[in-house]
Each structure stands twice: as C-alpha cells, then as structure tokens.
Amino acid sequence: MQFFHSCSQEDPSSDHQTVGCYPDSYPRIWYDFSPPVRGLICCLNNSTKVVIGNPTTCQFETLPRVRTKIYQEIFPFFGYDHVKDEYKVLCMTISDEYYSRSGNIVSKEHKVFTLGCKQKKWRMIECTINHYLTPGTQGIFSNGVIYYFARVNDDQSLMCFVVGSEKFSVVELPRPAVEILANYGEKIAVTNLLYASNDRLFVWILEDASKQEWSNFCVLVPSWVDI
Numbered sequence: 001m002q003f004f005h006s007c008s009q010e011d012p013s014s015d016h017q018t019v020g021c022y023p024d025s026y027p028r029i030w031y032d033f034s035p036p037v038r039g040l041i042c043c044l045n046n047s048t049k050v051v052i053g054n055p056t057t058c059q060f061e062t063l064p065r066v067r068t069k070i071y072q073e074i075f076p077f078f079g080y081d082h083v084k085d086e087y088k089v090l091c092m093t094i095s096d097e098y099y100s101r102s103g104n105i106v107s108k109e110h111k112v113f114t115l116g117c118k119q120k121k122w123r124m125i126e127c128t129i130n131h132y133l134t135p136g137t138q139g140i141f142s143n144g145v146i147y148y149f150a151r152v153n154d155d156q157s158l159m160c161f162v163v164g165s166e167k168f169s170v171v172e173l174p175r176p177a178v179e180i181l182a183n184y185g186e187k188i189a190v191t192n193l194l195y196a197s198n199d200r201l202f203v204w205i206l207e208d209a210s211k212q213e214w215s216n217f218c219v220l221v222p223s224w225v226d227i
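Numbering follows full-length UniProt numbering, with no gaps: position 71 of the sequence shown is 71.
Below, the structure is given as structure tokens:
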C-alpha cells in the first residue's frame, strides 16, 4: 500500500477526529500494520518510521523519527483517549544488547506521541514494570486501553496501557498459555489454537482487569474432514 489519508469532518460532533496530513509520495515498500482505531490506522514504515492514516482517502502523516540513545528497533501501539479526544501512539525501543537469550525483546524506553499537539515530538514516559515483548506481538485497543502480550517475571502476561493517564499495569493470563489476542465486543479475548483439542476451542474474556477476572466459554469446531 502506498497512500493513506484522513477524512475532514465538517461536523464537530462527528465520531471521528480529523488528522492533518500532507501530500507526498513514497516508494513501494512494506508496512507493518496495527489494528485500526476508530477508522484510523497506525503502521511501521520500513521498521523506522511511524505512519498514521485513514484508508478511506489517500493522505497520510509520518510522525517525527523516534530518537533515543539505545535505538535499534521500535514497536508502536495505537490508541485513543475519549476524554480529551486525542489519538496517541505508544512506542517502545530496544537495542541489540537488550535481546534476551530466549528471543524475547526487552522493552527499555517508552515514548508517547499525541496527534494534533502543537509540540510535534515524542515524550519519554516512565514504566515501572520490567517486561519483555513477545516476538510478533500486536497490540489491541479497547475502551481507552492498549493491550499487548509480554513476559513479566518469566510469565506470559497481558500488559495494559491506559491511553489517558499513560499508566501501565499487568494482568495475569489464564492457563494454559494463550497466543491470540482479539476484540470481543467491547472486551478483550484470548485463546490458543495449539491447545484446541477434541474439536473444542476455549476462549477467555477479560471481565475486569483491575480485579484480574476472566470468564470463558467453549466453541465447538467441526473437524476439517467434515467441511
């Protein structure tokens, strides 16, 4: 995909926020996309630049380059604060020396970019929870919170980032280990296809993150032989 753009909204009460974009052209390269948030998408361009856009039009906005002393690779997550009507990008940076032997990625620096802010720059924020990003993890946004898989104290966990307060917390995942994170209505669901057996797939729903409460249900999956 080569172009993105953001629709202008004449009605200030519209459910969508306008993101200013500028005409430009980019070579045909690959983008790593995050799940959409209120019609907007966030993607990583060539593993170095964060791009925000609206796929309905052909405009886009490339955010300022993330600058850090330990820069090696960046991992962006996209979310929205409905109280202040602000879109934010959470970006984590790592370097070669912080790769663990297990292949997980240690998140060392955490920065936030607020779209529409007069100061177009990344702000460093504090994270007191030492966690390791799971390779290939992709964050999901729901009800003001960005969720993503990470390892905390060697346990696979669910990290939570509140977009408004910019605070981190961690939720213990149900067992057995899960590998898929998805939206389930207005809630978050997790599952693991590797543990599906006897044509049954168990799905866990996060009911209350602050109380570490999960519910679950079972889905009967027909055998591929019968399809």
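Even for Gly, the Cβ is constructed at its ideal location relative to N, Cα and C.
Report task. With distances taken Cα to Cα, identify the nearest neighbour of K49 among V66, Y132, Y148. Result -> V66
*Counting Cβ pairs, one atom from each stretch, are 3 or more of them under 8 Å apart for the segment 205-216 and the segment 166-178?*
yes
| query | With DSSP run on the structure shown, which of helix, strand or coil describes L133? | reply | strand
Exercise. If we ignore side chains and look at the alpha-carbon of each, how far apart do F78 and V112 end up?
Worked result: 10 Å
**Report entry** C-beta contact flag for T191 and I180 at 8 Å
**Finding:** yes
Subject >> Residue(s) in a DSSP beta bridge with K120 >> reply: K120 pairs with nothing; no bridge assigned.
*Beta-carbon separation (whole angstroms), G144 vs G164, contact threshold 8 Å*: 6 Å
In this structure, does DSSP put L193 in helix, strand or coil?
-> helix
TODO: Measure the C-alpha to C-alpha separation of Q156 and P35 and round it to an integer number of angstroms.
DONE: 21 Å
message = So, with DSSP's three-state summary, where would you put C127?
response = coil
(Q) Please list the terminal residues of the continuous beta strand (DSSP E) segment that includes T62. (A) 60-62
Inset, instruction - Please classify A182: is it buried, with 16 or more other beta-carbons within 10 angstroms of its beta-carbon, or exposed? - result: exposed
Spatially closest choice to K118 from T128, F149, N45, E86, by CA coordinates:
E86
Whole angstroms are fine: how far does the CA of L63 sit from the CA of I52? 8 Å
Any idea which residues DSSP pairs H110 with across the strands? M92, I125
If you drop the 5 nearest sequence neighbours on each side, which residues of the same chain put their C-beta closer than 6 Å to that of I188? S142, Y147, L206
Requested in this report: Could you check the C-alpha separation between T134 and Y184 for me, to the nearest Å?
Outcome: Their Cα atoms are separated by approximately 22 Å.
Any idea if T128 is buried or exposed, counting beta-carbon neighbours within 10 angstroms, 16 or more meaning buried? exposed
| query | Leaving out five residues before and five after H110 in sequence, what residues of the same chain have Cβ atoms less than 6 Å from its Cβ? | reply | Closer than 6 Å at the Cβ level, and outside the excluded window around H110, lie M92, I125, C127.
DSSP state of D85, grouped into three classes?
coil
Might you give, ordered along the chain, the residues of its own chain that have their beta carbon closer than 7 Å to the beta carbon of G139, omitting 5 neighbours on each side? S34, F77, I146, Y147, Y148
*Minimum length 3: unbroken beta strand (DSSP E) runs contained in the segment 144-199*: 145-152, 155-162, 167-172, 180-184, 187-191
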